[in-house]
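Position in the sequence shown counted from 1, then plus 1, gives you this note's numbering. Positions of the beta carbon are idealized from the N, C-alpha and C atoms, including for glycine. A quick note: this is a predicted structure, and the numbers were derived from the prediction, not measured. This report concerns only the one structure given below.
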Amino acid sequence: IKEAVSSTAPDKIGAIAGDLAAVEEIYALKLLMASLGSKNTDCRQDGAALDPSLGRASYIFNPTIEGIEQADAVLIIGANPRFEASLLNARIRKRWRVGNLPVGVIGDVGDTRYDYEQLGAGTESLKDLADGNGKFFQMLKKATHPLVIVGQGALARSDGAAVLGQAAKLATAVNAARADWNGFAVMHTAAARVGGLDVGFVPGEGGKNVAGMLGDMDVLFLLGADEIDMAKTGGAFVVYIGTHGDQGAHRANVILPGAAYTEKSGTYVNTEGRVQQTNRAGFAPGDAREDWAILRALSDVLGKKLPFDSLPQLRAKLYSEYPHLARIDQVAAGNVDDVAKVAKLGGRLNKGAFTSPVKDFYLTNPIARASAVMAECSALAKNGFRQAAE
2 IKEAVSSTAP DKIGAIAGDL AAVEEIYALK LLMASLGSKN TDCRQDGAAL
52 DPSLGRASYI FNPTIEGIEQ ADAVLIIGAN PRFEASLLNA RIRKRWRVGN
102 LPVGVIGDVG DTRYDYEQLG AGTESLKDLA DGNGKFFQML KKATHPLVIV
152 GQGALARSDG AAVLGQAAKL ATAVNAARAD WNGFAVMHTA AARVGGLDVG
202 FVPGEGGKNV AGMLGDMDVL FLLGADEIDM AKTGGAFVVY IGTHGDQGAH
252 RANVILPGAA YTEKSGTYVN TEGRVQQTNR AGFAPGDARE DWAILRALSD
302 VLGKKLPFDS LPQLRAKLYS EYPHLARIDQ VAAGNVDDVA KVAKLGGRLN
352 KGAFTSPVKD FYLTNPIARA SAVMAECSAL AKNGFRQAAE
């Protein structure tokens, strides 16, 4: 690794954080990349158009999950809550069962377990609604707590920023983003995404995102990143830090075995921006180490020693830079004014329907894909559970 890093320029070194990475290791990797002089960092494997510079309100589920129960009109854009965020979907269903909850949908949703009105498939329907047209716009306008949910299926596209802008424009038009209620809600599918955005694990000025890094790096660090197209990594020297021998491990030149979320204490930030912390339930097998410790040891080898020697020291530095991450189980609310900024995002909207990023509910990450039970569930689901019936 040292030879590969020392033989190339900083702008040819990149790092991608995966969907299950804890905040501590993402932050440690960010510090390591900065010490190497590289600005090529990204936590958005799917290319979702989420930019932390636009403010926290631009990428979290602002009304909170509990706040769904206050909603009196809901619009779902490019998301399938039942398969992408099941507990969140249960909240919508709970509110729907109380009654008087019109739900509109743009995109392919399927069976949500509650009634909804199909308003269209893609960007044309969204723009029409954002321009103030249609009966459902009036329903949102008349609602006291309108809720606009935007999924990754609407954002992980080349026109994702423009789509986000249209959704925010609609939210402001129906008064969904105000001091006493922020109903602009981004729904995530990756456990690591909000935390990664919170610590700014995105390209620095002049840096490259995931799409820009693929095929253009000499050295590529993958922190449990398995959802990218490995064929596009080209001739890069790939260093994989992860657990379950998925795509990234198969492509890697060097594998540094890390710890699964059950084998380390880690911080995660959920879709609503709530800081959560896990405790280790067991030790990582063999020579595997906690990811932050791997990065700390690697920094020594590379001659770029990171400024901590223990997890408490790492967290102390993390909290000094991002104080809200120290407030466990609390939500640092986004600034409602940021929604108005997002509403001004321009860009061309492409034609085409919004589709859910979740193709197989049971096989959404490396740990699930390594599970025989999940593989069996996936097979049964594809066969309509005919075997189970037999």
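Same chain, Cβ closer than 8 Å to residue 375, neighbours up to 5 away in sequence not counted
363, 364 and 369
Count the other C-beta atoms from every protein chain shown that fall within 10 angstroms of the C-beta of residue 66, then say buried if there are 16 or more, exposed otherwise.
buried
DSSP-derived helix/strand/coil call for residue 392
Because the chain in this structure spans residues 2 to 391, residue 392 falls outside the shown range and cannot be described.
Taking only the alpha-carbon atoms, compute the straight-line gap between residue 203 and residue 171 and give it to the nearest angstrom.
27 Å
According to DSSP, simplified to helix, strand and coil, what is residue 69?
helix
Rounded straight-line distance, which links the Cα of residue 84 to that of residue 389:
Interpretation of residue 389 is limited by its pLDDT of 49, a score under 50 that renders its predicted location unreliable; the figure taken from the coordinates is listed afterwards. If you take the alpha carbons of residue 389 and residue 84, they lie about 21 Å apart.
CB-CB under 8 Å to residue 289, same chain, minus the five flanking residues each way: which ones, in chain order?
244, 258, 259, 260 and 264
Where residue 84 sits in the DSSP three-state scheme:
helix
Through-space distance from residue 353 to residue 306, alpha-carbon basis
48 Å
Within 10 angstroms of its Cβ, does residue 322 collect 16 or more other Cβ (buried), or is it exposed?
exposed
If you draw a straight line from the alpha carbon of residue 246 to that of residue 285, how long is it in whole angstroms?
14 Å
Is residue 11 helix, strand or coil when you go by DSSP?
helix
At what residues does the beta strand (DSSP E) containing residue 1 begin and finish?
Since the displayed the chain opens at 2 and closes at 391, residue 1 lies outside it and no answer follows.
In chain order, what residues of the same chain have a beta carbon less than 6 Å from the beta carbon of residue 71, not counting five sequence neighbours either side?
146
With a threshold of 6 Å on Cβ separation, who are the neighbours of residue 59 within its own chain once the five nearest residues in sequence on each side are excluded?
339 and 343
Quick check on the DSSP output: the alpha helix (DSSP H) that includes residue 295 runs from which residue to which?
292 to 302
First and last residue of the uninterrupted beta strand (DSSP E) at residue 147
147 to 151
What's the gap between the Cα of residue 316 and the Cα of residue 24?
10 Å
Does residue 183 come out as helix, strand or coil in the three-state DSSP assignment?
strand
Under DSSP, the beta strand (DSSP E) around residue 313 begins and ends at which residues?
That residue, residue 313, is in no beta strand (DSSP E); its alpha helix (DSSP H) goes 312 to 322.
Determine contact between the region 290 to 298 and the region 27 to 34, defined as no fewer than three beta-carbon pairs at a distance below 8 Å.
yes
Check the DSSP bridge columns for residue 277 and list the partner residues they point to.
269
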